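Trainee: Position 234 of the sequence shown, counted from 1, bears residue number 234 in UniProt numbering, the numbering being contiguous throughout. The beta carbon of each residue, even a glycine, is placed where N, CA and C say it ideally should be. Note that the structure is a prediction, hence the values are computed from the model and not measured.
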Amino acid sequence: SSMEDLDPSDPIIAYFLGLLHTDGTHHGDVGHKGRVTIELAERDVDILRALTEALPLKTTIRTRTRVTNFSGGKQYTCFSLSVFDQEFRRWLATMRMPPGRKATSVGPPSCEFSHRDYLRGIIDGDGSVGFTKTGTPFVSFVTASAELAEFVGGAIHATSHRSRTLRRNARDDVFNVMVTNVPAAQLADYIWPSPDVLGIERKKESGLSVAQWRPPAEKAGRYGVVRRRWTPGDDAIVVANTDEAAAFALGRTIKSIAVRRWRLERALAREATVASSGPRNSDGSDCRRHRDRDDAKFTTQAAKPRTTR
1 SSMEDLDPSD
11 PIIAYFLGLL
21 HTDGTHHGDV
31 GHKGRVTIEL
41 AERDVDILRA
51 LTEALPLKTT
61 IRTRTRVTNF
71 SGGKQYTCFS
81 LSVFDQEFRR
91 WLATMRMPPG
101 RKATSVGPPS
111 CEFSHRDYLR
121 GIIDGDGSVG
131 FTKTGTPFVS
141 FVTASAELAE
151 FVGGAIHATS
161 HRSRTLRRNA
171 RDDVFNVMVT
181 NVPAAQLADY
191 IWPSPDVLGI
201 ERKKESGLSV
211 AQWRPPAEKA
221 GRYGVVRRRW
231 TPGDDAIVVA
241 NTDEAAAFAL
251 GRTIKSIAVR
261 RWRLERALAR
271 EATVASSGPR
281 NSDGSDCRRH
291 RDRDDAKFTT
301 QAAKPRTTR
């Protein structure tokens, strides 16, 4: 691979760099053998496969199953994507990620880079997005790096003009940067501008939901935001037209039409999957139902964003 293809102003490279800066490890030595690895839980293997296809690098995906303290004695399967290329590892060392422990020293690259995609990478790595038990939308990010905390704080200020006081917490000596309500929706709208951006599907789905959030009618005046519900008639117009035509007909933004179309297509795909029916329980219910419930857990875990990673 030619390292000339590794330009951090390219959305794919910027995203990969963000994910590496939070979830990656750089082993070995840039002068000799070594490897760069991202390890994720099985449920997020989709992003590793997408990166393998998108990156101009030779990558290897491996799987391992083990029993860990936090898996409650159950087997836990994770997937790792590795790059062994020495030239790539030398390049990565110039991008604020030399071999060894990176927690406090890592930060955004000092050259030009795509801020939005790098931000999505670090949020996919060490951030959370979703709704608390009470339905409050949030985006949060936990890091030991002051520079990464400042970068996320800067993105919050740029999207909602809100300032965050950045302090390390006493217990873990890390920064927990968090926004809720309208500032969370504005930040999510920036991070996930459309359903087809590169990112972990599970977080993208949550991010698009948070981006679409509007305050309840009785509080809308406080935020200066008006909420409009989708009707079956609106959906019919979305399905029958291009994004631009539907946006014009319904007086909505092109992005809101694109996200609605994506949701409708996913709902149809799910119905088709259920119709082609997997295994059933003795009472006729779908055996896979508990899986959907597990996937939805992160939206119901309150005020402890770290549990929703």
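Which residues does DSSP list as the beta-bridge partners of Cys78?
Mentor: Answer is Ala41 and Arg64.
Trainee: Under a Cβ-count criterion, where at least 16 other Cβ atoms within 10 Å of its own Cβ denotes burial, should Ser282 be classed as buried or exposed?
Mentor: Any reading at Ser282 needs caution, since the residue's pLDDT is 49, under 50, leaving its predicted position unreliable; the model's value is listed next. Answer is exposed; the Cβ neighbour count stays below 16.
Trainee: Which ranges would you report for the beta strand (DSSP E) in the segment 98 to 157 if only whole runs of at least 3 residues count?
Mentor: Segments of the beta strand (DSSP E) lying fully in the segment 98 to 157: 127 to 131 and 137 to 143.
Trainee: Should the segment 24 to 34 be called in touch with the segment 200 to 219, which here means at least 3 C-beta pairs below 8 Å?
Mentor: Touching, no.
Trainee: From Ile48 to Thr253, what distance separates their C-alpha atoms?
Mentor: Per the sequence presented here, residue 48 reads as Leu, with Ile not at that position. Using only the alpha carbons, I get a separation of about 32 Å.
Trainee: Check for me: the alpha helix (DSSP H) holding Val177 runs from which residue to which?
Mentor: It is not in any alpha helix (DSSP H) - Val177 instead sits in the beta strand (DSSP E) that spans Phe175 to Thr180.
Trainee: What are the boundary residues of the alpha helix (DSSP H) that Thr94 is part of?
Mentor: Segment Gln86 to Thr94, the alpha helix (DSSP H) holding Thr94.
Trainee: Check whether the Cβ atoms of Thr60 and Phe79 lie closer than 7 Å to each other.
Mentor: Not in contact: Thr60 and Phe79 (Cβ atoms no closer than 7 Å).
Trainee: Can you give the beta carbon distance from Glu42 to Thr77, rounded, assuming they're within the 8 Å contact cut?
Mentor: Going by Cβ atoms, the distance from Glu42 to Thr77 rounds to 4 Å, so yes, they are a contact pair.
Trainee: Taking Trp192 as the reference, give the member of Thr159, Glu53, Thr37 and Glu244 with the closest Cα.
Mentor: When only C-alpha atoms are compared, the closest one is Thr159.
Trainee: Taking the alpha carbon of Met97 as the point to measure from, which residue in His161, Leu19 and Lys33 has its own alpha carbon closest?
Mentor: Residue Leu19 is the option with its Cα nearest to Met97.
Trainee: Which of helix, strand or coil does DSSP assign to Val30?
Mentor: Three-state result, Val30: coil.
Trainee: Going by CA-CA distance only, name the one from Ile38, Gly72, Leu55 and Lys133 that's closest to Asp7.
Mentor: Among Ile38, Gly72, Leu55 and Lys133, the Cα nearest to that of Asp7 is on Leu55.
Trainee: Could you check if Lys33 is buried or exposed, using at least 16 other CB atoms within 10 Å of its CB as the buried criterion?
Mentor: Lys33 should be labelled exposed.
Trainee: According to DSSP, is Arg288 helix, strand or coil?
Mentor: Model confidence at Arg288 stands at a pLDDT of 41, short of 50, so the residue's coordinates are unreliable; what they give is reported in the following sentence. In this structure, Arg288 counts as coil in the three-state DSSP scheme.
Trainee: Taking the C-alpha atoms as reference points, what is the distance between Met178 and Val197?
Mentor: Near 23 Å, if we compare the C-alpha coordinates of Val197 and Met178.
Trainee: From Phe138, Asp172, Asp189 and Val106, pick the residue whose C-alpha is nearest to that of Phe151; which is it?
Mentor: The residue with the shortest Cα to Cα distance from Phe151 is Val106.
Trainee: From this set, Asp124, Phe131 and Arg228, which residue's C-alpha is nearest residue 356's C-alpha?
Mentor: Only positions 1 to 309 of the chain appear in the structure, and residue 356 is not among them; the question remains open.
Trainee: Is Arg35 helix, strand or coil by DSSP?
Mentor: Note: Arg35 maps to strand in three-state DSSP.
Trainee: Have a look at residue 313 and Ile257 and give me their C-alpha separation to the nearest angstrom.
Mentor: Nothing in the structure corresponds to residue 313, since the chain is present only between 1 and 309.
Trainee: Checking the sheet assignment: what are the DSSP bridge partners for Thr253?
Mentor: BP columns for Thr253 are empty, so no partner.
Trainee: What's the gap between the Cα of Thr165 and the Cα of Ile237?
Mentor: If I take the Cα positions, the gap works out to 45 Å.
Trainee: What's the gap between the Cα of Arg168 and the Cα of Ala146?
Mentor: Their Cα atoms are separated by approximately 9 Å.
Trainee: Name the two residues that bound the continuous alpha helix (DSSP H) containing Thr22.
Mentor: Thr22 -> alpha helix (DSSP H) spans Pro11 to Asp23.
Trainee: Excluding sequence positions up to five away, which residues of its chain have a Cβ less than 6 Å from the Cβ of Val45?
Mentor: Result list for Val45: Phe79, in chain order.
Trainee: Tell me Val83's beta-bridge partners as DSSP assigns them.
Mentor: According to DSSP, Val83 bridges with Val36.
Trainee: Between Val129 and Ser9, how many whole angstroms is the CB-CB distance? I'm expecting something under 8 Å.
Mentor: That belief does not hold up - the Cβ atoms of Val129 and Ser9 are roughly 25 Å apart, past 8 Å.
Trainee: Can you check which of these residues, Ala144, Gly251, Ser194 and Thr68, is closest to Arg171 by C-alpha distance?
Mentor: Closest option to Arg171, Cα to Cα, is Ala144.
Trainee: I need the boundaries of the alpha helix (DSSP H) containing Gly233, first residue and last residue.
Mentor: Unbroken alpha helix (DSSP H) run through Gly233: Pro232 to Ala240.
Trainee: Ignore the nearest five residues each way along the sequence and tell me which others in Glu112's own chain have a CB closer than 6 Å to its CB.
Mentor: If we look at Glu112 and ignore the five residues flanking it on each side, its Cβ neighbours are Ser9.
Trainee: Can you tell me whether Ala186 is buried or exposed, with buried defined as 16 or more other CB within 10 angstroms of its CB?
Mentor: Checking the sequence shown, residue 186 turns out to be Gln, not Ala. Per the 10 Å Cβ criterion, buried.
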